[in-house]
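Visitor:
There are 2 protein chains.
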Amino acid sequence: MTKDLREDKLRSRVREIARFYHKNSRMPSFSEIGDLCGLRSKNAVFKLVNKLEGLKVLERDGRGRLRPRSLAHTARLLGTVEAGWPSPAEEELADTMSLDDFLIRNPQSTFLLKVTGDSMIDAGILPGDMVLVDKGLTPKNGHIVIAEVDNEWTMKYLKKRGSSVTLLPANPKYKPVKPKQELRIAGIVTAVIRKYG
Amino acid sequence: MTKDLREDKLRSRVREIARFYHKNSRMPSFSEIGDLCGLRSKNAVFKLVNKLEGLKVLERDGRGRLRPRSLAHTARLLGTVEAGWPSPAEEELADTMSLDDFLIRNPQSTFLLKVTGDSMIDAGILPGDMVLVDKGLTPKNGHIVIAEVDNEWTMKYLKKRGSSVTLLPANPKYKPVKPKQELRIAGIVTAVIRKYG
DNA sequence: GTATAAGGTGAACGATCGTTTACTGTCAAG
DNA sequence: CTTGACAGTAAACGATCGTTCACCTTATAC
């Protein structure tokens, strides 16, 4: 058996395991890996797992249970647009990441809101976009916040100067808002997500 | 024991299990749940799991192994900015979702690129943003594409008219590009992600 | 041609898995 | 005061877990 063939086989096995993981939200057991990869002996699986652990494709926790590593992540991180598309070799080495882990620091206090209106259009936030909002962070000057002013909910820049607070839209069509009485800040915008198609 | 207290206890146990799941990338075993929730008997865990299964917090697969349901998702989906912040009751019922599943249809062919330059700024894509690029889709008129024209990589709108192809920037500072010879489209942009802070 | 390493089979191991049965308190409703 | 309905403990079950042993096959290297 030539070397390329062996690597191909290994790759397809990793793909099978990854597919199982994404389908079942858990790693397969040793005998399940055997079924997936056509291995009748659990020892063959044992050796395969050790190899994959060395390749940092997966890892074990204290009890010998399997945890995904590069398997868990769905999008590979490449360079910049300017740099263009990397070679297949670089592509293979590309770092992978989970968008959830990347974007959400506090899962309990983070929510997703849909944007209506164009008041933040100059900040690159368009109607129909989604924003991730963290309720747990303390609002600071310059943050984009979700706020309730005089019984209306809006998304604006937060401008603090001394004790005075202003809500600044990112669109010349709209005027800055100086809350008369109540200003309730529900959370600050930590990310913007736009999906096409 | 009053009813509210009991529900609080249940909620905090769900939280513990969710925390374990996100930390270890797998569901805890019955005895591990016992440790997490302060239950010395596996039967108590058994009853707890059955209750949570009824509440659709988690589920079992064919072999009795646990799978997360509402546990798996990290960001809760609420309404719109205009609608403002929902009441705690609605909040509890909010749909949850995984950003990976939401944004990525084809994991194998999807990559993440960092945006440099301001040529798409009027489309709400700013320098420093990340774009999800799918290599597997066929480019169509109106899509935003990553393309190599005359040895340079750019991100532009794809304009097709008959057999002629033009790359259209979303910034009046730049001119449309009519590729002289080669036009290699590496992929189409399926989503934009901007992270603050 | 022979040695060597790698990939795989098959059987056995103790440990842990999820499940079940039997029993004990503890409240709230009748 | 009695009676259920819960919530929890304790012990035992077969099944499956991850691991290890000895052995076989096959291709590459010397």
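Going line by line, the protein sequences match chains A and B.
Numbering (this note's numbering) for the first sequence: 195 to 391.
Numbering (this note's numbering) for the second sequence: 195 to 391.
For every residue, glycine included, the Cβ atom is placed at its ideal position computed from N, Cα and C.
Remember, predicted model here, so these are calculated numbers, not experimental data.
1. Helix, strand or coil, according to DSSP, for K203(A) in the structure here?
2. What would DSSP say about V339(A), mapped onto helix, strand or coil?
3. Starting from D229(B), trace the alpha helix (DSSP H) both ways and give me its first and last residue.
4. What are the partner residues of F296(A), as DSSP defines its beta bridges?
5. Considering just the uninterrupted stretch of the alpha helix (DSSP H) at L246(A), what are its terminal residues?
6. What would DSSP say about A364(A), mapped onto helix, strand or coil?
7. Relative to the C-alpha of V239(A), which candidate in K250(A), D255(A), P222(A) has its C-alpha closest?
8. Can you tell me which of the three DSSP states R254(A) falls into?
9. Tell me the rounded alpha-carbon separation between N237(B) and G228(B).
10. If I measure Cβ to Cβ from E253(A) and keep anything under 7 Å in the same chain, skipping five residues before and after, which residues do I get?
11. Pull up the distance between the alpha-carbon of I319(A) and that of L230(B), whole angstroms please.
12. Excluding the five sequence neighbours on either side, which residues of its own chain have a C-beta within less than 6 Å of the C-beta of S313(B), listed in chain order?
13. In angstroms, rounded to a whole number, what distance separates the CA positions of K389(B) and L297(A)?
14. List, in order along the chain, the chain A residues whose C-beta lies closer than 9 Å to that of D344(B)?
15. Tell me the rounded alpha-carbon separation between D295(B) and N300(A).
16. Is Y368(B) close to chain A, meaning its C-beta is less than 8 Å from at least one C-beta of that chain?
17. If you measure between the beta carbons of V383(A) and V339(A), is that distance less than 8 Å?
18. Skipping 5 residues on each side, what residues in its chain have a beta carbon closer than 8 Å to that of A283(A)?
19. Tell me the DSSP secondary structure of R261(B) in three-state form.
20. Return the residues of the segment 219-233 of chain B that lie within a Cβ-Cβ distance of less than 8 Å from chain A, sorted by chain order.
21. On a CA-only basis, which of G232(B), R220(B), T348(B), L249(B) is nearest R259(B)? Give me that one, please.
22. Just the chain A side, please: which residues come within less than 9 Å of L361(B) by C-beta, in chain order?
23. If we cut at 8 Å on Cβ distances, does G248(A) have a partner in chain B?
24. Provide the residue span of the beta strand (DSSP E) that contains E346(A), from first to last.
25. Give me the chain A residues within the contact set of K389(B), using Cβ-Cβ distance strictly less than 9 Å, ordered along the chain.
26. Measuring CA to CA, which of R234(A), L242(A), V325(A) is closest to K205(A)?
27. Would you check if the distance between the CB atom of T310(B) and the CB atom of T274(A) is smaller than 8 Å?
28. Assign T332(B) to buried or exposed, taking buried as 16 or more other Cβ atoms, counted over all protein chains shown, within 10 Å of its Cβ.
29. On the DSSP bridge list, what partners appear for A385(B)?
30. With 16 other CB atoms within 10 Å as the buried threshold, where does R234(A) fall?
Guide: Looking at the atomic coordinates:
1. Three-state result, K203(A): helix.
2. Reduced to three states, the DSSP call for V339(A) is strand.
3. Residues 224-231.
4. BP columns for F296(A) are empty, so no partner.
5. Taken as a continuous stretch (DSSP letters only), the alpha helix (DSSP H) holding L246(A) covers 236-248.
6. Coil.
7. Here the closest residue by C-alpha is P222(A).
8. For R254(A), the secondary structure class from DSSP, reduced to helix, strand or coil, is strand.
9. Their Cα atoms are separated by approximately 9 Å.
10. Its chain contains E247, R261, R263 as the residues whose beta carbon lies nearer than 7 Å to that of E253(A), once the 5 sequence neighbours on both sides are disregarded; these appear in chain order.
11. Looking at the two C-alpha atoms, the distance is approximately 42 Å.
12. Non-local C-beta neighbours of S313(B) in its own chain, meaning closer than 6 Å and more than five positions away in sequence, comprise P363, N365, Y368, ordered along the chain.
13. Put simply, the backbone Cα of K389(B) is about 7 Å away from that of L297(A).
14. Within 9 Å Cβ-Cβ: nothing; D344(B) doesn't reach chain A, min ~12 Å.
15. If I take the Cα positions, the gap works out to 19 Å.
16. No Cβ of chain A is located within less than 8 Å of the beta carbon of Y368(B).
17. Closer than 8 Å, so yes.
18. Confidence at A283(A) is low in this model, with a pLDDT of 48, below 50, so its placement is unreliable and the value that follows should be read with caution. Residues of the same chain with a CB within less than 8 Å of the CB of A283(A), apart from the 5 flanking positions on each side, do not exist.
19. Here R261(B) sits in strand by DSSP.
20. Residues are counted here when their Cβ sits less than 8 Å from a Cβ of chain A; for the segment 219-233 of chain B these are S219, R220, M221, given in chain order.
21. Its Cα nearest to that of R259(B), the residue R220(B) stands out among G232(B), R220(B), T348(B), L249(B).
22. Taking a Cβ-Cβ cut-off of 9 Å, L361(B) has no neighbours in chain A, whose nearest Cβ is about 13 Å from it.
23. No, because no Cβ of chain B sits closer than 8 Å to the Cβ of G248(A).
24. Its beta strand (DSSP E) spans residues 346-355.
25. Within chain A, the residues near K389(B) are F296, L297, L326, T384, A385, V386.
26. Looking at the sequence provided, one finds Arg at residue 205(A) rather than Lys. Ranking R234(A), L242(A), V325(A) by Cα distance to R205(A) puts L242(A) first.
27. The Cβ atoms of T310(B) and T274(A) lie closer than 8 Å to each other.
28. Under this definition T332(B) is an exposed residue.
29. Looking at the DSSP assignment, A385(B) forms a beta bridge with K389(A), L326(B).
30. Its Cβ having fewer than 16 others within 10 Å, R234(A) is exposed.
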